[in-house]
């Protein structure tokens, strides 16, 4: 087939794109396999056909694309065909594609399309080849972590490689945790380390996070890392270590866009003792005013109060509700106070059941007013 003038496409591809009348099979396109792989419709055609292809047809396509496999990995549409072979091909296909990547893993990891192929390879290749691929990133961890494509590859290494194979990644983080926790991509990688690495590997990372908690909770990315420790960490790191650093700061943090998320998470995952320490702050005084009023008046603090109402049990919850009832006339005037009253009414209704003679609903419209429905 001659090359078509338009866009330099071969005639067969042009014909395939413009008319579906001719029913093509994989063997019909072998001479133009590379071009089909790099075309939106051609790539989709090959991927669809590979799903149901015979072993013979798969081998035929594989032999045709292997010489150009490396450049297909960084192609907008070609990368999907390579990934399809990693998923649907034979162990030999996977091994040969991984071989084609050798010496190029860093380059591919920093590429928008290549990084997807590297991630797929790390998922599917045999252990020995996986270690080779991952090992190529030694000495370039920080370059990858700070890269919009490379960070995904590092995350995949942590998720899939053995603890030994990923140790060099953790080693590179030590001493730089705070800097990376406040980075849009670095904070994601740290979260993967906390989730997947062994406790002995995580310990030095945790130490740095905990000792810088006060700074991290106020950072737009760092707050997620602290939340992650609270949710996934050992109880010792979780409560004592972090609470000991934010104790006395609960009311101030509750009024901060990012730190308030950490307070909510701390309430959610803490022990009853930790919660009581937090409630002491929330029901005490703050800068000469009742802390509970300061929080209910605040755009972020009111959510912390609602979370506390949800997670506190029995006497703790009653104590918080009593502190709110004490200031009911003032609370009714706050924009956010109305949400909290509605929240309490809902909790009380659930506790006592409708019409069972529990305490009267607080309501929000003054005497005889109706309680607001729950917030969506």
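Numbering (the working numbering), first residue to last: 6 to 381.
The C-beta atom is built at its ideal place from N, Cα and C for all residues, glycine as well.
Note that this is a predicted model, so its numbers are computed, not measured.
{"query": "Per the contact definition of three or more C-beta pairs closer than 8 angstroms, is the segment 93-101 in contact with the segment 135-150?", "result": "no"}
{"query": "Quick check on the DSSP output: what are the complete beta strand (DSSP E) runs of length 3 or more inside the segment 162-249, in order along the chain?", "result": "none"}
{"query": "Look up residue 294 in the DSSP assignment and give the residues it is bridged to.", "result": "291"}
{"query": "When DSSP labels each residue in this structure, what does residue 317 get in the three-state scheme?", "result": "coil"}
{"query": "Less than 7 angstroms between C-beta atoms, sequence neighbours within five positions excluded: which residues of the same chain meet that for residue 18?", "result": "37, 40, 41, 44, 47"}
{"query": "Mind checking which residues open and close the alpha helix (DSSP H) that includes residue 350?", "result": "342-357"}
{"query": "Please determine, among 84, 148, 94, the residue with the shortest C-alpha to C-alpha distance to residue 124.", "result": "84"}
{"query": "Using beta-carbon positions only, say whether residue 237 and residue 199 come within less than 8 angstroms of one another.", "result": "yes"}
{"query": "Find the nearest neighbour of residue 129 within the set 103, 117, 108, judged by alpha-carbon distance.", "result": "103"}
{"query": "Go ahead and label residue 330 buried or exposed: buried means 16 or more other beta carbons lie within 10 angstroms of its beta carbon, across all protein chains shown.", "result": "exposed"}
{"query": "Whole angstroms are fine: how far does the CA of residue 267 sit from the CA of residue 251?", "result": "10 angstroms"}
{"query": "Taking 8 angstroms as the threshold, find out whether the segment 179-186 comes into contact with the segment 200-220 through three or more Cβ pairs.", "result": "yes"}
{"query": "I believe residue 146 touches residue 174 by the beta-carbon criterion, under 8 angstroms. Please report the beta-carbon distance rounded to the nearest angstrom.", "result": "5 angstroms"}
{"query": "Suppose contacts are defined by Cβ-Cβ distances below 8 angstroms. Is residue 308 in contact with residue 265 by that definition?", "result": "yes"}
{"query": "Identify which residue in 304, 24, 169, 111 has its Cα closest to the Cα of residue 152.", "result": "111"}
{"query": "Leaving out five residues before and five after residue 232 in sequence, what residues of the same chain have Cβ atoms less than 7 angstroms from its Cβ?", "result": "266, 267, 270"}
{"query": "Let me know if residue 32 comes out buried or exposed under the rule of 16 or more other beta-carbons within 10 Å of its beta-carbon.", "result": "exposed"}
{"query": "Check for me: the alpha helix (DSSP H) holding residue 84 runs from which residue to which?", "result": "83-93"}
{"query": "Check for me: the alpha helix (DSSP H) holding residue 117 runs from which residue to which?", "result": "Segment: none, residue 117 is in no alpha helix (DSSP H) and carries neither H nor E."}
{"query": "For residue 348 and residue 260, what's the separation of their Cα atoms in angstroms?", "result": "19 angstroms"}
{"query": "Is it buried or exposed for residue 74, if we count other Cβ within 10 angstroms and need 16 for buried?", "result": "buried"}
{"query": "Output needed for residue 81: all residues of its chain with C-beta closer than 7 angstroms, excluding positions within five of it in sequence on either side, in chain order.", "result": "118"}
{"query": "I need the straight-line Cα distance from residue 170 to residue 163, nearest angstrom please.", "result": "9 angstroms"}
{"query": "How many angstroms separate the CA atom of residue 210 from the CA atom of residue 189?", "result": "17 angstroms"}
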